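Novice: In our numbering, the protein residues as written are 425 to 616.
Before we start, here is the structure in question, set down as structure tokens.
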Ligand SMILES: Cc1cc2nc3c(=O)[nH]c(=O)nc-3n(C[C@H](O)[C@H](O)[C@H](O)COP(=O)(O)O)c2cc1C
């Protein structure tokens with residue numbers, strides 16, 4: 425059974441990211457895989473302090489104790505990641521950047537520490553709802569996110585970027601229904 429880590433980086437509980445990650449979690453579970461879901465707005469992940477402790481032999485990953493501590497083994501052992509991050513000022517929202525900065529603990533690790541074994545060949549589905557911007561202009565942001573997740577074993581990234589999504593999720597909205605189908609297809613790609 426594959427384990428898929430699903431992250432929602434939007435601050436909006438009933439936003440498009442929340443609805444899409446929930447649909448994708450259902451698709452993952454329906455395929456017989458395990459979906460482990462976190463809304464980053466509900467947990468405490470503080471910025472990297474650049475303390476350098478993660479480069480010391482006796483420190484596994486990151487010395488800072490907050491909710492990222494429980495994330496580290498999950499990031500390591502999962503088989504794929506679905507990350508929804510709305511576009512804010514042309515990039516990911518602040519909490520998403522804080523989150524990936526904490527991957528520094530995985531970067532150039534002390535390879536002789538057993539906890540530093542990172543599973544490779546993971547897929548990342550980058551789901552990026554946006555407002556008025558051109559979705560094609562944000563593809564580099566999705567690929568940037570894939571590059572950051574490379575640190576935790578992601579080798580392939582596919583994006584789902586859709587604009588006109590400033591309003592909260594509405595099940596009756598035709599545009600959103602079509603988007604839901606695309607999201608489920610992308611979830612199927614992550615677990616295949
Ligand atoms: C602070 C802020 C900055 C934003 N910047 C952009 C932007 O640069 N380009 C864009 O197309 N949409 C932008 N938006 C719109 C959001 O990307 C859009 O509403 C998105 O669908 C929100 O996702 P959510 O429903 O998952 O919260 C911005 C919204 C906020 C709150």
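For glycine and all other residues, C-beta sits at the position ideal for the given N, C-alpha and C.
Please read all numbers here as calculations on a predicted model, not as lab measurements.
Near residue 517, which residues of its chain fall below 8 angstroms by C-beta distance, leaving aside the five closest residues on each side in sequence?
Specialist: If you ignore the 5 residues before and after residue 517, its C-beta comes within less than 8 angstroms of the C-beta of 433, 434, 435, 509, 510, all in its own chain and listed in chain order.
Novice: Pairing CB atoms from the segment 436 to 454 with CB atoms from the segment 594 to 608, are three or more of them under 8 angstroms?
Specialist: Touching, per the Cβ criterion.
Novice: Under a Cβ-count criterion, where at least 16 other Cβ atoms within 10 Å of its own Cβ denotes burial, should residue 613 be classed as buried or exposed?
Specialist: exposed
Novice: For residue 467, tell me which candidate among 456, 439, 519 has the shortest Cα-Cα distance.
Specialist: 519
Novice: At a cut-off of 7 angstroms, is residue 462 close to ligand 1 when judged by its beta-carbon and the heavy atoms of the ligand?
Specialist: no
Novice: For residue 495, which three-state DSSP category applies?
Specialist: helix
Novice: CA-CA distance, residue 584 and residue 557?
Specialist: 14 angstroms
Novice: What is the rounded straight-line gap between the Cα of residue 569 and the Cα of residue 550?
Specialist: 7 angstroms
Novice: Name all residues in chain order for which at least one heavy atom of ligand 1 lies closer than 6 angstroms to the residue's CB.
Specialist: 434, 436, 439, 440, 441, 510, 511, 512, 513, 514, 553, 554, 555, 556, 557, 587, 589, 590
Novice: From the DSSP secondary-structure annotation, give me the bridge partner or partners of residue 445.
Specialist: Beta-bridge pairing links residue 445 to no other residue.
Novice: Taking the alpha carbon of residue 523 as the reference point, which residue from 425, 493, 554 has its own alpha carbon closest?
Specialist: Selected option, being the one with the closest Cα: 493.
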